[in-house]
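Numbering (this note's numbering), first residue to last: 286 to 736. By construction, the Cβ of each residue, glycine as well, lies at the ideal position given by its N, Cα and C atoms. Presented below is the structure to which this report refers.
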Amino acid sequence: MFKTNIYKDASDKKTKDIFDFAEGYKVFLKNSKIERQAVKEVVKLAKEANFEDLNDVKEIKAGDKLYKVNKNKSVILFVVGNKPITDGLRILGAHIDSPRLDLKAQPLYEDNGFTLLDTHYYGGIKKYQWVTTPLSIIGVIYKKDGTRLEVNIGEDLNDPIFGITDLLVHLSSSQLTKEASKAIEGEDLDITFSSMRNKDKNVKEYILDFLKEKYGIEETDFISAELEVVPAIRPRDYGIDRSMVAGYGHDDKVCAYPSVKAIIDMKDVEYTSCVILTDKEEIGSVGATGAHSQFFENSVAELLIKTNDNNYYSLKKALENSKMLSCDVTGALDPLYSSASDKKNAAFFNYGISFEKYTGARGKSQANDSNAEYISFIRKVMEENNIYYQFAELGKVDKGGGGTIAYILAKYNMDVIDAGVPVLNMHAPMEIIAKADLYEAYLAYKAFLKA
Ligand code: MN
Ligand code: MN
């Protein structure tokens, strides 16, 4: 099962299971372009599986299924095990934010007969990939009286879409001589918003009237809004054999979804299962909803207290005795750019879940370099459960690098290793994954939670 193509020996049933699982994922991905949506979708799936809000539960016992939402942007799920929580948890950690463009606090301006919305990009993007691509605006606006307005424009096929213009090729002779990182500048990633006016009002005044009438919002309401500009494309099968899925935000919904599906399947577990879905990974896991937040720790403390264990040291013990998979994507070997990868240590499509002992950059800087002892445990779990798996690095040494949330939870002295789905076009508006790897991640996550 190690470094073996899944389809080499796949039964018709297995192939069907792989394809069926991807259908559920495509729905999830379509509805989870931003972290707030992902939280809602996860809570919906959890409630359908009889998970209860931890806030509403006074006392917990083995077998209880619980969830807790943090500020509408991250969420944690538990299935309480038969062993005491101090024996440690089995944790799957993924993130639900993806690279995108955020509207600035004061985004609206008029220029040469248009209104435009100014953005600030979020996460690592190749800016040139985001021009002339269909875009949606999704998020929330809180007015000054506290009223909340949900925004989702561009996803429904009857909605208008947005976009960022690019200079026509006929006049691009100087633009095309620039380095790719400079050809499109961050400050030029502005959304074309409107072009109409009337007799009395210019384009900006006209659109402000329009926004007031249609949505009841004023220009200053953008200040207390979180509006995210994301690709308007839908998840679609990719390739003539439909073996892959193209879509926006596979990083990291392609690991979040199988994590949630895995914990939903858990019952009668020995160790308490936990899925933590964090925000802000793409900008360093900072802030109250990122992996660096105390939300995770506080939630485990709440579990303990609700089993009548108030000992502070119990929390430390529970965390230290835990084992975790940091469920995040890795770069797949791209046949067009295979020279960026070390073939011996690269992740391939259709070879199953990909483990990474370390991520980081240069000399493993910022890496959670997983222990050999723990990797041996992981291999045993994979082999015993017939999981197709591979071990990989992101790319060749000194080509660049990346990080995950692995090192953040490792600070509790728990064992952590990265384990996720290989992706092509990572961080592009359209990313690609293999259905077989997604399904194998789900099987691997289930096996891990039970181990
Ligand atoms: Mn990621
Ligand atoms: Mn990423």
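Backbone CA spacing between residue i and residue j [nearest angstrom]
| i | j | result |
| --- | --- | --- |
| Glu567 | Ser383 | 6 Å |
| Arg527 | Phe313 | 18 Å |
| Phe662 | Lys315 | 36 Å |
| Lys412 | Val514 | 13 Å |
| Ala729 | Ile702 | 13 Å |
| Lys601 | Asp700 | 14 Å |
| Glu605 | Tyr697 | 6 Å |
| Tyr673 | Lys720 | 13 Å |
| Cys431 | Leu386 | A quick correction: the sequence has Gly, not Cys, at residue 431. When rounded, the distance between both Cα atoms is 25 Å. |
| Val436 | Gln322 | 11 Å |
| Glu320 | Asp564 | 7 Å |
| Tyr724 | Phe399 | 46 Å |
| Met667 | Gln651 | 27 Å |
| Thr574 | Leu562 | 9 Å |
| Phe507 | Ile426 | 7 Å |
| Lys226 | Ala576 | Residue 226 lies beyond the range of the chain shown here (286 to 736); nothing can be said about it. |
| Ser458 | Val324 | 45 Å |
| Tyr310 | Gly532 | 11 Å |
| Ser611 | Gly501 | 43 Å |
| Glu504 | Val488 | 14 Å |
| Lys463 | Glu470 | 11 Å |
| Val328 | Lys486 | 45 Å |
| Gly366 | Thr417 | 50 Å |
| Gly569 | Arg482 | 42 Å |
| Thr478 | Leu402 | For clarity, residue 478 is Phe in the given sequence; the question names Thr instead. Whole-angstrom Cα-Cα distance: 6 Å. |
| Asp613 | Phe640 | 10 Å |
| Asp305 | Glu326 | 19 Å |
| Ala389 | Lys350 | Here the sequence assigns Lys to residue 389, which means Ala is not the residue at that position. Computed Cα separation, rounded: 39 Å. |
| Asn340 | Glu555 | 24 Å |
| Glu587 | Asn595 | 9 Å |
| Val530 | Pro516 | 15 Å |
| Met286 | Ile693 | 30 Å |
| Tyr352 | Lys467 | 44 Å |
| Phe495 | Leu461 | 38 Å |
Terminal residues of the alpha helix (DSSP H) in which residue i lies
| i | result |
| --- | --- |
| Ala307 | 297-316 |
| Tyr659 | 657-669 |
| Phe495 | 488-500 |
| Ile268 | This structure cannot speak to residue 268, because the chain is shown only from 286 to 736. |
| Ala603 | 597-605 |
| Phe733 | 720-735 |
| Leu330 | 320-333 |
Beta strand (DSSP E) segment containing residue i, residue limits
| i | result |
| --- | --- |
| Lys350 | 350-355 |
| Val708 | 707-709 |
| Arg385 | 385-396 |
| Gln579 | Per DSSP, Gln579 belongs to no beta strand (DSSP E) and is neither H nor E. |
| Val280 | Coverage of the chain is limited to positions 286 through 736, which leaves residue 280 absent and any answer about it impossible. |
| Phe478 | 476-479 |
| Arg375 | 374-380 |
| Lys608 | 608-611 |
| Leu466 | Per the sequence shown, residue 466 should be read as Ser rather than Leu. No beta strand (DSSP E) contains Ser466, which is instead part of the alpha helix (DSSP H) from 465-468. |
| Leu362 | 359-364 |
| Ile638 | 638-641 |
| Phe634 | It is not in any beta strand (DSSP E) - Phe634 carries neither H nor E in the DSSP assignment. |
| Gln675 | 674-676 |
Residue i beta carbon near ligand 4 (any heavy atom closer than 7 Å)
| i | result |
| --- | --- |
| Glu567 | As presented, the structure is devoid of ligand 4, carrying ligand 1 and ligand 2 as its sole ligands. |
Inter-residue CB distance, residue i and residue j (contact presumed, cutoff 8 Å)
| i | j | result |
| --- | --- | --- |
| Tyr727 | Pro543 | 4 Å |
| Ile438 | Ile449 | About 16 Å; that fails the 8 Å criterion. |
| Lys318 | Gly534 | 6 Å |
| Asn635 | Asn290 | 5 Å |
| Val708 | Gly616 | 7 Å |
| Asn630 | Ala677 | 6 Å |
| Ile345 | Thr689 | 30 Å between Cβ atoms; not a contact. |
| Ala379 | Asp550 | No, Ala379 and Asp550 are not in contact; Cβ-Cβ is about 16 Å, not under 8 Å. |
| Thr557 | Phe336 | Actually they do not touch by this definition, with Cβ atoms about 14 Å apart. |
| Ile370 | Leu589 | 6 Å |
| Met715 | Ile376 | Not really, about 31 Å apart at Cβ, beyond 8 Å. |
| Ile638 | Ala704 | 6 Å |
| Ile361 | Cys559 | 7 Å |
Which residues end up in the neighbourhood of ligand 1 when you take C-beta atoms closer than 5 Å to any of its heavy atoms?
Taken from the N-terminal end onward, the list reads Asp536, Asp537, Asp613.
If we require 3 or more residues per run, which beta strand (DSSP E) segments fall completely within the segment 511-570?
521-523, 529-532, 557-563
Identify every run of the beta strand (DSSP E) within the segment 405-452, keeping only runs that are complete inside it and at least 3 residues long; order them along the chain.
420-427, 433-438
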